[in-house]
Structures are given as C-alpha cells and as structure tokens.
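Residue numbers (full-length UniProt numbering): 1 to 149.
Right under this line is the structure:
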C-alpha cells in the first residue's frame, strides 16, 4: 500500500468511525427519551426531554457533516496521480505533507505528519490546479510546491 493510500484509508476510517459513533449516540438518546417518557412527569421531565432533544439536534448536525465528508472522500481515487493538484492530491510544500480532501485533524502515517485540508481553504485554494515548483505566499509564509502525487 502506498503512502497516499494509507493516508486515504486512515482518513476514510476516521470519518466512518465518527459516523458510527454519532449514529450510536443518537440511537441511545432516542431510546433514553422513550424510556424517560414512560416513567416521568412534571417540569423536570420536560426539561430533561428538552435537553435530550437539543443534544440530539447537535449530534444530527455533526452526523450530517461527517456524512458530507465521507461523500467527498468517496469521490477520491487514491491510486490516481496527476501533474496538477486536484481533489485527492498529496502535496509536499515546504517539507509539509498536505492532503487535499476535506478539513480533518492532522495525522501521522509511518512517522510522517499529514494535514488534510479542504480545496476551499485559503491554502487549498492556492494549491488547486498548480504544479511542482509553483510558489505563493499566505499570511507572510512563502510556500513552494515540492511534489504532487
């Protein structure tokens, strides 16, 4: 498995795990609210149900975000390499590995740090469509693209 494939697999698994956790949490809250509805009455009961509902909405929004992230990752072919930077490119710039996909936490694969960034981010926007050797500046930091996979 190539370095780029390992990155793709790690990020895909990370997002899928989040989806599974959010679904479980929503399911548990739904079950708790059903059980609570059977045995309680009064203001405390209404407050508890309201809090569960708010928490469920928050989790549902997080779930929707994770589902949209996995949908973007599903569009990526980790075996594809191009000369120009596109969605799914692994870019090395200033010694930093950048994975153009969705904004996700930094990871370490084989002891090498990788940052996943969205093509819509300021850095991602400057990278898109460019090639090795391209130079640009963001926030007073000068970048040079060293490699594209």
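Glycine is no exception: its CB is placed at the ideal position from the N, C-alpha and C atoms.
Backbone CA spacing between residue i and residue j [nearest angstrom]
i	j	result
residue 56	residue 113	34 Å
residue 104	residue 27	25 Å
residue 79	residue 59	33 Å
residue 16	residue 102	14 Å
residue 3	residue 25	33 Å
residue 133	residue 18	37 Å
residue 141	residue 135	11 Å
residue 49	residue 61	18 Å
residue 46	residue 65	29 Å
residue 13	residue 111	18 Å
Contact check, residue i vs residue j, beta carbons under 8 Å
i	j	result
residue 63	residue 23	yes
residue 115	residue 98	yes
residue 5	residue 81	no
residue 126	residue 109	no
residue 32	residue 52	yes
Beta-carbon separation (whole angstroms), residue i vs residue j, contact threshold 8 Å
i	j	result
residue 10	residue 107	6 Å
residue 145	residue 91	6 Å
residue 100	residue 124	6 Å
Same chain only: Cβ atoms within 6 Å of residue i, ignoring 5 sequence neighbours per side
i	result
residue 94	143
residue 69	15 and 102
Beta-carbon proximity list for residue i, same chain, < 8 Å, skipping 5 on both sides
i	result
residue 67	19
residue 131	83, 84, 85, 145 and 148
residue 29	52, 55, 56 and 59
residue 1	9
residue 71	none
Any contact between the segment 74-92 and the segment 110-129? By contact I mean 3 or more CB pairs, one from each, below 8 Å.
Between the segment 74-92 and the segment 110-129 there are three or more C-beta pairs closer than 8 Å, enough to call the two in contact.
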